[in-house]
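J.:
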Amino acid sequence: MTASTLTDSAVAHPSTVDRTGAVPRQRGAEHGRDETGRMLLTRLCDLPEGHVDRPRLRDRTIEWYLPLAEHLARRFRDRGEAQDDLVQVATIGLIKAVDGYDPARGVEFTSYAVPTIVGEVKRHFRDKGWAVRVPRRLQELKLAISTATGTLTQQLGRSPTVADLAEHLGVSEDDVVEGLDSGHAYAAVSLSAPVGSGDEMMSEVQDLLGGDDPEMATVEDRESLRPLLMKLPERERTIVVLRFFGNLTQSQIADRVGISQMHVSRLLTRSLARLHQGLESAA
Numbered sequence: 001m002t003a004s005t006l007t008d009s010a011v012a013h014p015s016t017v018d019r020t021g022a023v024p025r026q027r028g029a030e031h032g033r034d035e036t037g038r039m040l041l042t043r044l045c046d047l048p049e050g051h052v053d054r055p056r057l058r059d060r061t062i063e064w065y066l067p068l069a070e071h072l073a074r075r076f077r078d079r080g081e082a083q084d085d086l087v088q089v090a091t092i093g094l095i096k097a098v099d100g101y102d103p104a105r106g107v108e109f110t111s112y113a114v115p116t117i118v119g120e121v122k123r124h125f126r127d128k129g130w131a132v133r134v135p136r137r138l139q140e141l142k143l144a145i146s147t148a149t150g151t152l153t154q155q156l157g158r159s160p161t162v163a164d165l166a167e168h169l170g171v172s173e174d175d176v177v178e179g180l181d182s183g184h185a186y187a188a189v190s191l192s193a194p195v196g197s198g199d200e201m202m203s204e205v206q207d208l209l210g211g212d213d214p215e216m217a218t219v220e221d222r223e224s225l226r227p228l229l230m231k232l233p234e235r236e237r238t239i240v241v242l243r244f245f246g247n248l249t250q251s252q253i254a255d256r257v258g259i260s261q262m263h264v265s266r267l268l269t270r271s272l273a274r275l276h277q278g279l280e281s282a283a
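For the sequence shown, position 183 (counting from the first letter as 1) is numbered 183 according to UniProt numbering, and the numbering increases by one without interruption.
(1) Look at the Cβ atom of H124, then the Cβ atom of V98, and state whether they are nearer than 8 Å.
(2) By the DSSP assignment, the alpha helix (DSSP H) with I92 in it spans what residues?
(3) Assuming the contact rule is C-beta atoms closer than 8 Å, I117 and A82 should be a hit. Round their C-beta distance to whole Å, please.
(4) Only counting the same chain, and skipping five residues up and downstream in sequence, which positions put a Cβ closer than 6 Å to that of L275?
(5) Could you give the distance in angstroms between the alpha-carbon of A188 and the alpha-carbon of P55?
(6) Report, in whole angstroms, the separation of the C-beta atoms of L66 and T42, which I expect to be a contact under 8 Å.
(7) Can you give the beta carbon distance from A148 to L169, rounded, assuming they're within the 8 Å contact cut?
(8) Which term fits G246, buried or exposed, when burial requires 16 or more other beta carbons within 10 angstroms of its beta carbon?
(9) Taking the Cβ atom as the reference point for each residue, do L152 and L165 lie within a distance shorter than 8 Å?
(10) Cα separation between R79 and K231?
(11) Once you ignore the five residues that flank Q250 on each side, which residues in its own chain have a CB closer than 8 Å to its CB?
(12) For I62, which three-state DSSP category applies?
(13) Suppose you measure from the CA of R58 to the CA of D34; what does that come to, to the nearest Å?
(14) Of all the beta strand (DSSP E) runs that stay within the bounds of the region 106-176, which reach a length of 3 or more residues?
(15) Can you say whether A73 is buried or exposed, counting buried as having 16 or more other CB atoms within 10 angstroms of its CB?
(16) Classify L47 as helix, strand or coil using the three-state DSSP reduction.
(17) Applying the 10 Å Cβ sphere with the 16-neighbour rule, what's the burial state of L143?
(18) So L40 and R60 are supposed to be a Cβ contact under 8 Å. How far apart are they, rounded?
(19) Let's test the definition: count the other Cβ atoms within 10 Å of the Cβ of R270 and tell me whether it reaches 16, buried, or not, exposed.
(20) Would you kindly report the start and end of the unbroken alpha helix (DSSP H) that includes T238?
(21) Judging by CA-CA distance, which residue of L44, A163, V177 and R77 is the nearest neighbour of A104?
(22) In whole angstroms, what separates the C-alpha of V121 from that of V114?
(23) Might you give, ordered along the chain, the residues of its own chain that have their beta carbon closer than 6 Å to the beta carbon of V240, omitting 5 neighbours on each side?
(24) Closer than 8 Å, CB to CB, is G150 near chain C or not?
(25) Report yes if the C-beta distance between S159 and L248 is below 8 Å; otherwise report no.
(26) Have a look at G258 and T238 and give me their C-alpha separation to the nearest angstrom.
(27) If we count the other Cβ atoms within 10 Å of its Cβ and call it buried at 16 or more, is G50 buried or exposed?
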């Protein structure tokens, strides 16, 4: 069976996993899907680096197992993070699992992928919990951005973009990005920590948490990423920019670009895989 045949074959999803990350026993059609996943992985691992079919087969394999990443991301809901953000972090873990998997070791892919994906999501929460000293200017800017986000969301009927925030606050878009970045540098506080003092100490932090504060996901090394972004097809580059630099959800991107939310998710997954591979090659 050729790589082309594999990549264009069935579009079914891999089986889901239970809350412990275990994969249930397969039967009938589900067993067939699992076998197709194994064939994709085996074929991918057999292809040498640089083979013309490898990028396409790699993208197809990642898309095939994307439901696994989405399932695991849902285990971390209700922790103050937008689901779209959790799915993207889990997808990065999936990409690492696909790139690092070796079927010759005799381990099922899901047994290898589940801890890899879960570890990536846990690392995301751990990194966001680090206390980092932020200049007062950025602290004040972050508060102003949070206030402006609520105001503009009501006025515009959608989440404001970086450009919207910059115009509203009278600052540059770079300042907005820097202010949003500073939002990730906060100290971890127990959700059960009491709030108030004396007789007013009636609540815990978790009781006062509101909805998700829409923030732009950031990329650790923008200078390395910039040329890689320019190599993406125009539509995929637009989707990545809208998602990570424009602060739009997948549904909002779908409305703006004129495609389905599912298609946006697939293009994001493919683009993340290519960007990750490019960053790994440049390292």
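Just so you know, even glycine gets a beta-carbon here, dropped at the ideal spot from N, CA and C.
T.: Considering the structure as presented:
(1) no
(2) Q83 to G100
(3) Between A82 and I117 the Cβ distance is about 18 Å, and since that is not below 8 Å, they are no contact.
(4) L228
(5) Confidence in A188 is poor, its pLDDT being 46 and thus under 50, which makes the residue's placement too unreliable to answer from.
(6) Their Cβ separation, rounded to whole angstroms, is 19 Å, which puts L66 and T42 out of contact at 8 Å.
(7) 6 Å
(8) buried
(9) yes
(10) 35 Å
(11) D84, R243, Q261, V264, S265 and L268
(12) helix
(13) 17 Å
(14) none
(15) buried
(16) coil
(17) exposed
(18) 6 Å
(19) buried
(20) E234 to F244
(21) L44
(22) 11 Å
(23) S271
(24) Annotation note: the requested chain C is absent from the structure, which comprises a single protein chain.
(25) yes
(26) 12 Å
(27) exposed
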